[in-house]
Structure formats: structure tokens, C-alpha cells
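K.L.:
With UniProt numbering, letter number 413 in the sequence shown gets 413, and the count goes up by one each step, no holes.
Every residue gets a Cβ at the ideal spot worked out from N, C-alpha and C, and that includes glycine.
In this text the structure is predicted, and so the values were computed from the model without any measurement.
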Amino acid sequence: MDDIRIWASYRGQTLARTVRGMMYYRRALEVQCYEDMKSEQGLRKSWREIPCSCRVFSFEEGGGGELDRLPIWLFMPKFEVPHRVRFHYGHPDVFDRIFHITRGGISKASKVINLSEDIFAGFNSTLRQGTVTHHEYIQLGKGRDVGMNQISNFEAKVANGNGEQTLCRDVYRLGHRFDFYRMLSMYFTTVGLYFNSMVAVLTVYVFLYGRLYLVLSGLEKSILHDPRIKNIKPFENALATQSVFQLGTLLILPMIMEVGLEKGFGKALAEFIIMQLQLAPMFFTFHLGTKTHYYGRTILHGGAKYRGTGRGFVVRHAKFAENYRMYSRSHFVKALELLILLVVYLAYGSSYRSSSLYVYVTISMWFLVFCWLFAPFIFNPSCFEWHKTVDDWTDWWKWMSNRGGIGLAPEQSWEAWWVSEHEHLKNGTIRSLLLELVLSLRLLIYQYGIVYHLHIVHENKSFMIYALSWLVIGIVLVLLKVVSLGREKFVTKFQLVFRILKGIVFLVLIGLMVVLFVGFDLAVSDVGASVLAFIPTVWFILLMAQVCGPLFRRLVIEPLGVLCCSCCPGGACRGPCCAKLRQSGAVLCKIGPWDSIQEMARMYEYTMGILIFLPIAVLSWFPFMSEFQTRLLFNQAFSRGLQISRILAYQA
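Written out as C-alpha cells, the structure is:
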């Protein structure tokens, strides 16, 4: 037996490499013996990489781990035949080490490409006439991520890797050398999944912004008065009904057929029902946003990086601040933007208001918004326990109120986190920054359309109305800046002066509202509409400030540095001749409006966090919500263990 172990050890050093897996020792010996027996046949058939099936250790725990495992089990093992487009999809792989080292190696001389080194090794094998084959009878063990945040980190890492694959030359060469059907198979099994996810989300944006333009511009009303569309309601209802059945059938049928072939159709139907009870649609809809955000950011700005997940077996409660940091930009901001679009469309649209067709058209979008806002908390263990809710609120408020950003980790201060969220803009190219600026112009549609629908304008369509709306926004921002400066100057030593200043600002606002209500026929609905127009416009100002900083540095500061610092290598400002330029840059930073932008962003973050936290706090008042959530998402053994841990925590 010792000789076999020594043989397996030496054999493993020279032949194989196991990726992302763990196995029993007897399984390792079986793999080594198989490789030794099949080496000559493998050389003749060019089998350079052998993925093996997995026994997933952690899926029995429940929660997101089982839902995350099922698509890979359904989707991945079927690409060996007939088009041979399997490269690497998360299973433990055995590489022919000598083959890969002598033909470019597994790892690359780039930490970005090395992020997805496994699939790039598969690309190299296929480009060099190799074949990646899958063997079900060699079974390895594996632990998968089971926590929502762990799975999201993994999805973000894979989405970043697929973004880099989209831009790499290996995929370009494979696409040109494959035949048409093999090329399509490779597309849908690599970058196509993420590209299609991004297209699906962009379609929602295009549809809602298109409807918003039709509603606010008056084109929808003119179309409705066209006599040619008076009798098309039956046709609309028929299309809506068949679209619902088509969507459900196309998405559900492949899974039922695959599980039915493996385990029987009765087991497939039971597993499908259990998945619906475990909120699988909400889980996958949420991760659609994860794939789209990180894939699109990598395509636009690059900057893929490794994200450690830990693969911890124990599911823990993630605090509200942790979830907020992780999902704020990828899900919460986008969900609130879609929510405002739906609210404006519901308030001003009239085509579907009296028809049941509105439900068929927008129900999936409302569901998307709900999933992106609340799925991290529904899949978070013990999220609806009152004492944990109070602790989460205290922790989040402390994190938001910490005003020290220099030298602190993003987990300790909101300012440090806010700066770290914009690192991709600092490293972006001029083209990507300009495209980011152009995309942010969509937020001005709200103000431009809503301002002409206010009762106070009396259907006046002149451009002065739009200019006056910007004047009002400027006045509001100046008042907020005055209050912010007053807090900095007087809150510690002159509290009475600061309170008087806030009182004066409040009285001025009340006076303006009274004058507008009495003298200019301002309606109550105009106030709500103005808020809907104000929120996206100021968010556009924030995005513009975040983009213009790096853009100004690329277009002005760096060219000046090259001109003024020709003695420095590469135009880098390091010598004493650059001191004046550095001082000028520091002065520009001090006189710039960055502090005001930061305070405005903090106000938005406060508002967004409170809106998201409020439903969680309300549901936490009911004791049965926590028990219902735990039993719904996790199996009975884990639920019992969670109850025992609570008792022990109370006793301690």
C-alpha cells in the first residue's frame, strides 16, 4: 500500500492537476490508475483535459447552494458530443500537464487572464487539436458555495472572467476556425450566456425608456386616437396570453426533461415544485442582475479581479451593511431606477390603464424590481429576527455616519467604500468614460418630460419652462449646501446659530411653497411629480461628477504633465520640477465641488438604505416570519441546528 501511495504521489506531480475540487483518497488512486491505463489511448485521441463528475458535499444544506448547483448539473456535462466545445465549467479537471506546459502552459503572464486560467487552458487544448472529454464514472467530491453572498461573489468573478474572454483573441481564433454549428455551441456555452443576460436586462431598459418617451412626449395619446387601432384589443389579449405560456414552457421544459431522463419524470416534477417553493425564480432573477452588472462593467472598463468566496459550509447571517456594500451598485440602484420608470409610466400612461394587458406587460418588470431589492435579505438566514434587525440598523447607521475615508477599509467607512466603488472609472480609457457619460444622459428624460406635465405650467411648451426647472434644482442644491456648511462650521461650538440657520432655511422653503400654491396654482400632485423628476436629475449630476474627474485628469492633467515634465521618464510627476504642477492639482481639488458631491451622494445613500430597510423592519415585527423563512429555505436538520445555536447564544 505504501508503494501505491508513493506511486500516486509522484504520478500526481508529473501528470495531473486537480482544479477546484477535493476527493477521497481512494478516488484519487482511481483517477491516477485510470490515467496510467489510458495514457496511450489518450495520446492517440488527443484527450488533454478530463473533467469528472462531482459529488457536491454542501447542497444538502439547502438555501442557495442547491439552486446554484442545478443549472450547472443540467447545462454543463452535455457539450462533449457532438461539437466538442467543453472547456471548463466548474468540475474538477485533470490536465495533461506535460502537454500544456510545452504548449503555452496553464497559467498566463497576466493576472486578468489568469483569473479564468482553467477555461483558457481548454482554449489552448482545442486550438492545438486537443479534446476535452467528460467522464461520469470518475466521481470526485466537491464543496460548493451555499451562502447568498458567497454565490454572488463567485458569479461576479465568473462574469468578470467572461468579460475578459469576450475581448480575448483566443475566443476570436476559435470562432474563426470552428464551423457554424460548433461556433454557435461554443458561443452559448461560454460568453453567450452572459451576453444574452446583458441583452435581456438592456431590453427592459429600452422598453421602459421607450414607453416613457411615448408617454411624456404625447405620442401615445395621438396613437390611441388613431381609428385604425380601435379594434385590436382581442389581438393584444391573445398575444399576451400566448407570451405567458411561451415564456413558462421554454424556461421550464428543458429542466424537467433533463431531470426526468436522469431520475424519472415523477422525481422531476417533484423537484420542480420544491424549487418553486424555495423561491428559485427569485434566486435566478437576482443573479441575472449580478451577471449583467459585472459582465457589462468588464466589457466597458476592464479591471477583472479575483474575488475569494471561501466556500464555507456554515451559512451565516450577513449584516445589512455588508449586503448594502455588495449589492448597492449592481442591484439596488438599477432596481430603483426601474421602479421610478414603472411609477412614471403608471402615473402618466393611459394605453393599458383600463386593460388587463397592463398586468401581462409589466408584471415581470415589477417582479424584477422586487427581486433585485429584497432577494439578498430573503435568502439571508435570520434576517427577520428583531434583535438582528436592530443590530443591523445600528451597524449600518454607524458605517454611514463615519466620515473618515482616508486610511480606512471600505467595511469601516462609507466614504472609503464610495471611493473604492469608483476605482474602475480611474482606470478607464477616454472612450469608456465618454460612453459612460453618454449613457448617463438617459436620466435627463424624466425632468424634460415631467416638467411640461405639471399643472403649474398651464400647458406652456416653451424652453423657458425647462430652464426654470434647472433654476429650481440649483436653488435646492444651494440650500442643501448652505445647511451642510452650517453643520461643519457651527454644529460643535455654535449649536444655537446652526439651529437658527436651519430654521431660516425651513421658513424660506415654506414661504416659497405657500407662494407657489396660492399665486401660481401649484397642485399637490405637482410636488410628487417634481420629486420624481428631481431624483434622477441629481443622480445624473453625481454620475457626471464621478466621470468628469477621471476624464479631466486624462484630457488635461496628464497632457500637461507630459509637456511640463519632459525630464521625467514617461511623463510621471516625481521630480522637484513637478512640484508646481502637483500644487496646482491640489488647489484644483480643494476648490472643486467634490465635498458637495460627496455629501449629496451620502444623502442619496441614506434615502436608498432607509427605503430598503423599512420593509425588513416591518416584517421583523412578526415572530413567525423568521421561522417561516428558515424552514422554507433550508432543510429540517439545518433549521434545528439554527434553533439550537440561538438557544446557546441566549444562554451565553
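Out of L501, V476, V505 and W414, which one is the CA nearest neighbour of V538?
P.N.:
Closest option to V538, Cα to Cα, is V476.
K.L.:
Taking all protein chains shown into account, do 16 or more other C-beta atoms lie within 10 angstroms of the C-beta of W470, making it buried, or fewer, making it exposed?
P.N.:
Per the 10 Å Cβ criterion, exposed.
K.L.:
Please state whether the Cβ-Cβ distance between T290 and S152 is less than 9 Å.
P.N.:
Cβ distance < 9 Å, so T290 and S152 count as in contact.
K.L.:
By how many angstroms is the C-alpha of G549 removed from the C-alpha of A572?
P.N.:
Per-residue confidence for A572 stands at a pLDDT of 49, beneath the threshold of 50, marking its modelled position as unreliable; the derived number appears in the next sentence. Distance between the alpha carbons of A572 and G549: 19 Å.
K.L.:
To the nearest angstrom, how far is the alpha carbon of F377 from that of W414?
P.N.:
Cα-Cα distance, rounded: 20 Å.
K.L.:
Would you tell me roughly how many angstroms separate the C-alpha atoms of G528 and I299, rounded to the nearest one?
P.N.:
Each residue's alpha carbon lies about 37 Å from the other.
K.L.:
Could you give the uninterrupted runs of the alpha helix (DSSP H) lying entirely in the stretch 420–496, keeping only those of 4 residues or more?
P.N.:
Counting whole runs of 4 or more residues, the stretch 420–496 contains the alpha helix (DSSP H) stretches 423–426, 430–440, 444–450 and 463–490.
K.L.:
Which word fits A607, buried or exposed, when buried means at least 16 other C-beta atoms lie within 10 angstroms of its C-beta?
P.N.:
Residue identity check: residue 607 is Thr in the sequence provided, not Ala. Looking at its Cβ environment, which holds fewer than 16 other Cβ atoms inside 10 Å, T607 is exposed.
K.L.:
Residues in the same chain with beta-carbon distance under 6 Å from N323, minus the five sequence neighbours each way, listed in chain order, please.
P.N.:
P376, listed in sequence order.
K.L.:
Using CA coordinates, which residue listed in L501, M257, L437 and L338 is at the minimum distance from L551?
P.N.:
Of the listed residues, the one whose Cα sits closest to L551 is L437.
K.L.:
With DSSP collapsed to three states, give me the class of T298.
P.N.:
Three-state result, T298: helix.
K.L.:
Counting beta carbon pairs with one atom in the stretch 393–400 and one in the stretch 594–613, are three or more of them shorter than 8 Å?
P.N.:
Touching, yes, given that three or more Cβ pairs across the two stretches are closer than 8 Å.
K.L.:
Rounded to whole angstroms, what's the CA-CA distance from K388 to S382? Just pull it up for me.
P.N.:
Taking the straight line from one Cα to the other gives about 7 Å.
K.L.:
Is the stretch 451–465 touching the stretch 516–532 in the sense that three or more CB pairs, one from each, lie closer than 8 Å?
P.N.:
Yes, since at least three Cβ pairs between the stretch 516–532 and the stretch 451–465 fall closer than 8 Å, the two stretches touch.
K.L.:
Cβ atoms of V547 and L425: under 9 Å apart, would you say?
P.N.:
Against a cut-off of 9 Å, the Cβ pair of V547 and L425 comes out as a contact.
K.L.:
Short of 8 Å in beta carbon distance, which residues of its chain neighbour L208, apart from the five on each side in sequence? Order them along the chain.
P.N.:
Within the same chain, L208 has close Cβ partners L338, L341, L342, Y345 and M365.
K.L.:
Exposed or buried, R499, counting other C-beta atoms within 10 Å across all chains shown (16 or more means buried)?
P.N.:
That one is exposed.
K.L.:
Can you give me the start and stop residues for the alpha helix (DSSP H) that Q629 sits inside?
P.N.:
Element bounds for Q629: F624 to L633.
K.L.:
Give, in chain order, every unbroken run of the beta strand (DSSP E) that is at least 3 residues long and sits entirely within the stretch 365–390.
P.N.:
With a minimum length of 3 residues, no continuous beta strand (DSSP E) run stays inside the stretch 365–390.
K.L.:
Output needed for M326: all residues of its chain with C-beta closer than 7 Å, excluding positions within five of it in sequence on either side, in chain order.
P.N.:
Excluding sequence neighbours, M326 sits near N149 and S152.
K.L.:
Mind checking if L619 is an interface residue toward chain C, Cβ cutoff 9 Å exclusive?
P.N.:
In the structure shown, chain C cannot be found, because there is only a single protein chain.
K.L.:
By Cβ distance, which residues of its chain are closer than 6 Å to L516, with the 5 residues on each side in sequence left out?
P.N.:
Same-chain partners within the cutoff: L522.
K.L.:
Taking the alpha-carbon positions, what's the L632 to S185 distance?
P.N.:
Taking the straight line from one Cα to the other gives about 37 Å.
K.L.:
On the CB-based measure, 16 or more other CB atoms within 10 Å of its CB, does K461 come out buried or exposed?
P.N.:
Flag for K461 reads exposed.
K.L.:
Drop a sphere of 10 angstroms on the beta-carbon of G407, count the other beta-carbons inside from all chains shown, and report buried for 16 or more, exposed for fewer.
P.N.:
Counting Cβ neighbours within 10 Å, G407 comes out exposed, since fewer than 16 surround it.
K.L.:
Can you say whether T190 is buried or exposed, counting buried as having 16 or more other CB atoms within 10 angstroms of its CB?
P.N.:
Looking at its Cβ environment, which holds 16 or more other Cβ atoms inside 10 Å, T190 is buried.
K.L.:
What first and last residue would you give for the alpha helix (DSSP H) that runs through D526?
P.N.:
Per DSSP, D526 belongs to the alpha helix (DSSP H) from V524 to F552.
K.L.:
Would you kindly work out how many angstroms separate the C-alpha atoms of D595 and V478, rounded to a whole number?
P.N.:
Rounded to the nearest angstrom, the two C-alpha atoms are 13 Å apart.
K.L.:
Name, in chain order, the residues that DSSP records as bridge partners for T292.
P.N.:
T292 is not bridged to any residue.
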